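Numbering (the working numbering), first residue to last: 4 to 165.
Cβ atoms here follow ideal geometry from the backbone N, Cα and C, with glycine treated the same way.
Everything numeric in this text was worked out from a predicted model, so none of it was measured.
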């Protein structure tokens, strides 16, 4: 069996002192998470976080920086997640859109409210992303590159030995 981590993206969007979250039903429980989801075939990380935020909250998300990359193993079933969390701003709430299946609602929470809901957070990556954001951690989006290795590598780099 080949081991494969779940590659996910998450949006860390702050308005005034509140952050955009979703309340979602997972395994019969109502949990709190950032707008987040899996990278899908054919899309890059930026496209994934924009899509997931719109699908889960009906807010348009504009990524500005990478907050962090988090590796977490879920203790209950051993699934491993590699999460790319993006800082950005939201603009335009499209109330005509239906939210993804399982999403109960979008909500705005400040850090104290997040802490008070800590037992309901979907994973430790949720609070860590907020705290890293509040600490000013920002990585330029330019570090992310999407290469189509089947077509882009026409002259692979060669190792030079001096």
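Checklist line | First and last residue of the uninterrupted alpha helix (DSSP H) at residue 116 | finding: Translated into the one-based positions of the chain shown, residue 116 becomes position 113. Segment 114 to 119, the alpha helix (DSSP H) holding residue 116.
Checklist line | Span of the beta strand (DSSP E), counted from its first residue to its last, around residue 105 | finding: If you number the chain shown from 1, residue 105 lands on position 102. It is not in any beta strand (DSSP E) - residue 105 carries neither H nor E in the DSSP assignment.
Checklist line | Element boundaries [alpha helix (DSSP H), containing residue 43] | finding: Along the chain shown, one-based indexing puts residue 43 at 40. According to the DSSP assignment, residue 43 belongs to no alpha helix (DSSP H), since it is labelled neither H nor E.
Checklist line | Cutoff 6 Å; reference residue 87; Cβ partners in own chain excluding five residues on either side | finding: As a first step, residue 87 is located in the chain shown; it is residue number 84 there, counting from the start. The beta carbon of residue 87 sits closer than 6 Å to those of 12, 48 and 72, all from its chain and outside the five residues before and after it, given in chain order.
Checklist line | Cβ separation of residue 109 and residue 64, assumed to be a contact under 8 Å, to the nearest whole Å | finding: Within the chain shown, numbered from 1, the residue matching residue 109 stands at position 106. Within the chain shown, numbered from 1, the residue matching residue 64 stands at position 61. The pair is not a contact, with the Cβ atoms about 12 Å apart (cut-off 8 Å).
Next item on the list: Measure from the alpha carbon of residue 145 to the alpha carbon of each residue in 101, 138, 67 and 129, then state which is nearest.
Entry: One-based indexing of the chain shown puts residue 145 at position 142. Nearest C-alpha to residue 145: 67.
Item checked: Inter-residue spacing [alpha-carbon to alpha-carbon] between residue 70 and residue 31 -> For this step, residue 70 is matched to residue 67 along the chain shown. For this step, residue 31 is matched to residue 28 along the chain shown. Each residue's Cα considered, the two are about 30 Å apart.
Check: With DSSP run on the structure shown, which of helix, strand or coil describes residue 11?
Finding: Your numbering for residue 11 matches position 8 in the chain shown. Three-state result, residue 11: strand.
Notebook entry, point to check: Buried or exposed: where does residue 118 fall if 16 or more other Cβ atoms within 10 Å of its Cβ makes it buried?
Noted result: Taking the first residue of the chain shown as position 1, residue 118 is located at position 115. Around the beta carbon of residue 118, fewer than 16 other beta carbons lie within 10 angstroms, which makes this residue exposed.
Notebook entry, point to check: For residue 66, which beta-bridge partners are listed by DSSP?
Noted result: Here residue 66 refers to the residue found at position 63 of the chain shown. Per DSSP, 91.
Note to self: Using a 10 Å radius around the Cβ and a threshold of 16 neighbouring Cβ atoms, would you call residue 159 buried or exposed?
What the structure shows: Here residue 159 refers to the residue found at position 156 of the chain shown. Because residue 159 carries a pLDDT of 49, less than 50, the predicted location of this residue cannot be relied on, and the following value inherits that uncertainty. Residue 159 should be labelled exposed.
Check: DSSP on residue 5, reduced to helix/strand/coil?
Finding: As a first step, residue 5 must be located in the chain shown, where it is residue number 2. Residue 5 falls in the coil class under three-state DSSP.
Checklist line | Residue burial classification, residue 80 (beta-carbon count within 10 angstroms, cutoff 16) | finding: Within the chain shown, numbered from 1, the residue matching residue 80 stands at position 77. Result: exposed.
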